[in-house]
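Numbering (our numbering), first residue to last: 8 to 170. All C-beta atoms, glycine included, are put in the ideal place defined by N, C-alpha and C.
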Amino acid sequence: MAIRNIRIMGDDVLDKTCKAVKSMTPRTRQLIDDMFDTMYDGCGVGLAANQVGILKRIVVIDTTGEDPYVLINPEIIESSGSQTGQEGCLSLPGKAGIVTRPDHVKVKALDENMEEFVLEGTGLLARAICHECDHLDGLMYVSKVEGELMDVEPAGEEEEDME
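In structure tokens:
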């Protein structure tokens, strides 16, 4: 397992459409493990393969720290409702914006064994699924921001109490 370099907005790989995964290989399994390590190291809740420079339709998500999901070739098949809230991205550290997303989504994907499954999510999980699936199509959340981007403390760099 290894921490991979996260590509930052402006890197061409983030603008490209990722290609479907046709089979599970040892290299793809290693990529998935590395993606989880990289996501957790960056204090993120999701990561798409193109964020580490690999143009494969793979995302990893864990919104609770206890429920990791691997979505291979994900396809959102249903969405409803709406939620508006702050969203950030490991590929744009120190920034956040207000984005409206569906409040409920259902996604069809393959797991690490290339078995099809359906995952339903609400709230933050729904937001993460939509955000990461957008990455696979070369879209970043900044294209959906309502208003201006805001400066925020990068994850894991909370200020210490100076008193």
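- By a beta-carbon distance limit of 8 Å, R11 contacts D41. Their separation comes to about 5 Å.
- Taken atom to atom, the span from the alpha-carbon of G104 to that of L156 is near 5 Å.
- Contact check for P109 against G88 passes: the beta carbons are separated by less than 8 Å.
- The C-beta separation of T129 from T107 comes to about 15 Å, leaving the pair out of contact by the 8 Å criterion.
- In the three-state DSSP reduction, A116 falls in the strand class (E or B).
- Excluding residues up to 5 positions away in sequence, A27, V28, R64, A116 and L117 lie with their Cβ nearer than 7 Å to the Cβ of N80 in the same chain.
- Counting the other CB atoms within 10 Å of its CB gives K23 a total below 16, which places it among the exposed residues.
- Counted as a single uninterrupted DSSP element, the alpha helix (DSSP H) harbouring Y47 occupies residues P33 to D48.
- As computed with DSSP, D158 is found in a beta bridge with K102.
- By the CB criterion at 8 Å, V114 and L78 fall inside the cutoff.
- Using a Cβ distance threshold of 8 Å, V66 and L131 do not count as a contacting pair.
- Counting other Cβ atoms within 10 Å of its Cβ, G17 stays below 16 and is therefore classed as exposed.
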